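Take a look at the structure below.
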Amino acid sequence: MLSQEKIARINELAHRSKTTGLTEQEEEEQHDLRNEYLSKFRSSFKSQLQSVKVVDPKGEDVTPSSLDKAKKNNPNDRQ
Numbered sequence: 001m002l003s004q005e006k007i008a009r010i011n012e013l014a015h016r017s018k019t020t021g022l023t024e025q026e027e028e029e030q031h032d033l034r035n036e037y038l039s040k041f042r043s044s045f046k047s048q049l050q051s052v053k054v055v056d057p058k059g060e061d062v063t064p065s066s067l068d069k070a071k072k073n074n075p076n077d078r079q
């Protein structure tokens, strides 16, 4: 995930944008930081989803085929 310093900076810029406003340079920085955060969040979330295994009450694997395909296509998968 993002470093604590970057998260703190995102929060600082968000607070300032609501109170005093941001300069054009700060708005650009805020936009870049938000994009970086969202990119890392999406990547992490996708990785979590690809590690999910769905099991029915009988104990049978009923993982959707689309998830199985994504797991097989992921070169970072460690099975």
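So the sequence shown is numbered by full-length UniProt numbering: it starts at 1 and just counts up by one. Note that beta-carbon positions come from the ideal geometry of N, C-alpha and C, so glycine has one too. Computed from a predicted model, the values in this text were never measured in an experiment.
- If the five residues before and after GLN4 are omitted, its C-beta is found closer than 7 Å to no C-beta atom of its own chain.
- Taking 7 Å as the cut-off, the beta carbon of LYS40 is found closer than this to the beta carbon of MET1.
- Comparing alpha carbon positions, the residue from GLU12, SER17, ASN11, LYS69 closest to LEU49 is LYS69.
- Here the C-alpha atom of HIS15 lies approximately 14 Å from the C-alpha atom of LEU33.
- According to the DSSP assignment, SER39 belongs to the alpha helix (DSSP H) that extends over 24-50.
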